[in-house]
């Protein structure tokens, strides 16, 4: 067998193998899944419904958080008023120390109030950050109140009732 014949046979074998290896790409009709009947409009509608449900859930959570946050803010304002009364009752030195820290405490309360306002307008995409910012502001002002109370009247802060 000469080289030309071998080359021809090799090409014929490769072509045959290729032809046998290629299968009809259509699926077997007996195992084919039924065609999908969803339309683009169906997908849009279902996506809209899911987005609405997620938005309603976020809004409900936000409303719950805002109500609790408002209660915390109100309690902090009451704590500031109570601290002022304690300083007044403790005498002139305590009153002077309170007057020195009053502006700082009021500024920190304003930060809490701004964070509360942000929570009222929070969206799903900003929700985690808004919650974190509010919690940080509340913790900061509580710590400042405790320190002010210790320096003004020498007592630990009263513990609010646990809910």
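In the numbering used here, the protein residues as written are 31 to 193.
Backbone N, C-alpha and C fix where the C-beta goes; we use that ideal spot for every residue, glycine too.
The model shown is predicted, which means the values in this text are computed figures rather than measured ones.
So residue i is in the alpha helix (DSSP H); what residue range does that whole segment cover?
i	result
residue 162	157 to 183
Among the residues of its own chain, which have a CB less than 6 Å from the CB of residue i, if the five just before and after it don't count?
i	result
residue 154	88
residue 148	160
residue 116	183
residue 103	142 and 146
For residue i, tell me which candidate among the options has the shortest Cα-Cα distance.
i	options	result
residue 146	69, 106 and 67	106
residue 137	71, 168, 96 and 74	168
residue 101	72, 143 and 166	143
residue 165	78, 98, 70 and 180	98
residue 129	72, 170 and 178	178
Verify the contact flag: residue i, CB atom, against every heavy atom of the ligand MN, threshold strictly below 8 Å.
i	result
residue 133	The model depicted lacks the ligand MN and carries no ligand whatsoever.
Among residues of its own chain, excluding the 5 on either side of residue i, which ones have a beta-carbon nearer than 7 Å to its beta-carbon?
i	result
residue 109	175
What does a CB cutoff of less than 8 Å around residue i pick up in its chain, not counting 5 residues either side in sequence?
i	result
residue 157	88, 91 and 92
residue 120	182 and 183
Please give the ranges of any alpha helix (DSSP H) in the segment 86 to 156, keeping only runs that are unbroken, at least 4 residues long and fully inside the region.
The qualifying runs are 122 to 150.
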